[in-house]
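Residue numbers (the working numbering), protein chains in the order written: chain D, 240 to 501; chain E, 6 to 259; chain F, 788 to 1105.
The beta-carbon is built from N, C-alpha and C at its ideal position, and this holds for glycine as well.
A short write-up of the structure that comes next.
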């Protein structure tokens, strides 16, 4: 993805800092950047959230449409998650259809929402086998300062939490709040030379050879994971990473999402 | 002296003889081409707030190798145009197959622009004193338009930085600055350069940066004595330094 | 979709949203909002929310697209999927491709592309929320983003639309006027009033058209003033922005040469010597070599059509 060559000096600098237990922006290994979550920012969307993780900014919009269910789940609504790495967000992103990185991040976000059962899909059924609500989660990346994945995960659930289903204007009864059952949240941990840290900023994300994203729920259970990158993790590192991610998710859920539940 | 923020297309003078850099003449009048600050010393010019580095002959630059070909190292020099360092412009004789051993992709170097042709082919050279591949130190990136502030009047700022931070400094006109010294000196220097960028349009900057480096240096020295590892602990910085820096930032913060 | 309103202009001559017929919607402009872009602007206009960013001039790939004597401008108008009533499929549509093309052309006459041969200047305009007039809103934002990126331009570009409802010309259409109006005429102008973008659909008499262009230009000039105001006030204390006389705005090549070539290799002890010689010997006389000095003086009163081809070389070289 990144066609920019990172200078060896910079790489060494980050690595040497890590050896001393430090990060480029002075954070602790288990510390996230400043996070901001604003909801209801787009009137045209049924739910929306503008999320900032440090310099990283994503805008998530939820649109609802009436459609037909899949034959094998005739009584359930449909979730469709897309993510675009817009060229506006980074000199490294190019216009064109989503490439593997964008698709991977969209799918990881999607799995988190889907597998956690965050949305009660049965309540999105209008007429079994015929009409259900389709939930389009569109993630628009505006500025890449690293860790788009976690910002997207936060944005998706924040937007869903503030979504109202426009049943009335579609002639399907009264407007209702999105039936939310859980609040899954993804936290990414990177490995630089054996040290694990959460919420990588751009340079750290470029330097690291392995990332692991863990999506965990209110009760601490895990509903999605993805290891990404050319490197490998030991079992010990993996378990530590999962623990870090779940702890951090609980903290962030409390800090940024607890007030949003409708 | 009048200092004013100007925008592209702003009328600056009725007299076309006033046209300096960053301006253009139309119907005998001078207009700004750039978003920046008007400077009326001698002619009227506009100093932009931002902008890409465009290489020009004799510029000092810092580059990072992005490709090694049989006879050239190709450098990213933070510009729309890559620079070519022909193997013959390396100070020593190098065989083609040994080139990556000298500098490989990702390695950085101090260089000088030898020539730029009209189609913006940029030829670099390392055959000059002080130019070399970099193995140590750090590279700090700044807005190229603000490089003159880092150099200062007659080199006053950069001389002061070198002295106060006890470090090597090479200023590339492409907005990259290489520093090399002890870790905590480089930390101080990084902050000092950041301070120069943030306060670039204020007076008395050299003195303030100097004071900042000294204060920080004292803190470092104290901590060295106490053998404290945590050099970064901000609470150790004398209160008044903070106040001063804050006041300055308030002044100029956009 | 809502039904067509019976009347667009009430008995007091006010429009559905309470505006006069020649009044534009409120606009807010924020500059430099994105950290990765070279220049950026967030603009709200009515219910439009637009984010524009500029990258470049930068290297252009693939090479075959490069223009030997000037930079290419690429303009990408893009709508977020959730920006409109019915979700838009992500990616370019025929509509967005057309808008991108004419918007790019709106900037060609003002951007000094010949200063950057074979490079590209990328302009991205993202419509985050669409009301009526997204293309003109995007141009207004892009214009600021270009200035913020330090791109040399002869002037800003401002854009606005005029339409016709209830048989009357109105400035800056709102959504119902756009949907059900009898005509839509978006225009972009330079500060000299030259028209760099014009599209039209609907039905206007020649007389009305003449009137419409006049009205539209007035709207554009209002916007131009707002753009200037936003640029001037980006730095809050712009009144007393203070660059003292003793600061050099051009690279002092001689001093730099000394500094950069002095240290060779080891951490040397050249500090003492520097202290004395550094500050005095170079006076504030600017050197002819100064890097940024040269690129503009040559844009003399030459007529516009000549410039592009002749200047490419000399501008940089002298």
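Please classify residue i: is it buried, with 16 or more other beta-carbons within 10 angstroms of its beta-carbon, or exposed?
i	result
residue 181 of chain E	buried
residue 1059 of chain F	Per-residue confidence for residue 1059 of chain F stands at a pLDDT of 32, beneath the threshold of 50, marking its modelled position as unreliable; the derived number appears in the next sentence. Looking at its Cβ environment, which holds fewer than 16 other Cβ atoms inside 10 Å, residue 1059 of chain F is exposed.
residue 1052 of chain F	For residue 1052 of chain F, the predicted model reports a pLDDT of 41, less than 50, meaning its position is unreliable; a value from the coordinates is still stated below. Residue 1052 of chain F is exposed by the Cβ-count criterion.
residue 444 of chain D	buried
residue 867 of chain F	buried
residue 361 of chain D	exposed
residue 277 of chain D	exposed
residue 286 of chain D	buried
residue 320 of chain D	buried
residue 848 of chain F	exposed
residue 307 of chain D	exposed
residue 852 of chain F	exposed
residue 408 of chain D	exposed
For residue i, collect the residues of the same chain with a Cβ closer than 8 Å to its Cβ; drop the 5 residues on either side in sequence, then sort them by chain order.
i	result
residue 258 of chain E	Because residue 258 of chain E sits at a pLDDT of 36, beneath the cut-off of 50, its placement in the model cannot be relied upon, and the point is left open.
residue 347 of chain D	388, 392, 425, 452, 454, 463 and 465
residue 439 of chain D	385, 386, 427, 429, 447 and 450
residue 111 of chain E	69 and 70
residue 479 of chain D	435
Have a look at the options and flag the residue whose alpha-carbon is nearest the alpha-carbon of residue i.
i	options	result
residue 134 of chain E	E/95, E/157 and E/160	E/95
residue 991 of chain F	F/840, F/969 and F/939	F/969
residue 887 of chain F	F/863, F/993 and F/873	F/863
residue 269 of chain D	D/390, D/261 and D/420	D/261
residue 132 of chain E	E/123, E/110 and E/118	E/118
residue 1044 of chain F	E/200, E/170, E/214 and E/116	E/116
residue 459 of chain D	D/475, D/494 and D/421	D/421
residue 976 of chain F	F/790, F/1002 and F/848	F/1002
residue 1046 of chain F	E/209, E/145, E/172 and E/129	E/172
residue 187 of chain E	E/149, E/138 and E/169	E/169
residue 412 of chain D	D/357, D/365 and D/248	D/365
residue 371 of chain D	D/344, D/469, D/312 and D/488	D/312
Below 6 Å CB to CB, which residues in the same chain sit around residue i once its five sequence neighbours on both sides are set aside?
i	result
residue 304 of chain D	373
residue 143 of chain E	184 and 191
residue 1033 of chain F	Caution applies to residue 1033 of chain F, whose pLDDT of 45 falls short of 50 and renders its modelled position unreliable; the value that the coordinates give is listed next. Nothing listed; no residue qualifies.
DSSP on residue i, reduced to helix/strand/coil?
i	result
residue 254 of chain D	helix
residue 379 of chain D	strand
residue 447 of chain D	coil
residue 325 of chain D	coil
residue 139 of chain E	strand
residue 259 of chain D	coil
residue 901 of chain F	helix
residue 1002 of chain F	helix
residue 416 of chain D	strand
residue 463 of chain D	strand
residue 1057 of chain F	Summary for residue 1057 of chain F: the model assigns pLDDT 32, below 50, so the residue's position carries little reliability; its value from the coordinates is reported in the next sentence. Three-state result, residue 1057 of chain F: coil.
residue 845 of chain F	strand
residue 245 of chain D	coil
Which residues in the same chain have their Cβ closer than 7 Å to the Cβ of residue i, if we skip the five residues on either side of it in sequence?
i	result
residue 889 of chain F	984 and 986
residue 295 of chain D	382, 383, 384, 385, 386, 387 and 390
Is the beta carbon of residue i less than 8 Å from the beta carbon of residue j?
i	j	result
residue 263 of chain D	residue 442 of chain D	yes
residue 382 of chain D	residue 823 of chain F	yes
residue 416 of chain D	residue 403 of chain D	yes
residue 829 of chain F	residue 330 of chain D	no
residue 871 of chain F	residue 283 of chain D	yes
residue 898 of chain F	residue 860 of chain F	yes
residue 43 of chain E	residue 9 of chain E	yes
residue 125 of chain E	residue 904 of chain F	yes
residue 1010 of chain F	residue 811 of chain F	yes
residue 960 of chain F	residue 999 of chain F	no
residue 909 of chain F	residue 57 of chain E	no
residue 935 of chain F	residue 40 of chain E	yes
residue 67 of chain E	residue 189 of chain E	no
residue 351 of chain D	residue 405 of chain D	no
residue 37 of chain E	residue 51 of chain E	yes
residue 912 of chain F	residue 928 of chain F	yes
residue 931 of chain F	residue 837 of chain F	no
residue 434 of chain D	residue 245 of chain D	no
residue 923 of chain F	residue 973 of chain F	yes
residue 359 of chain D	residue 318 of chain D	no
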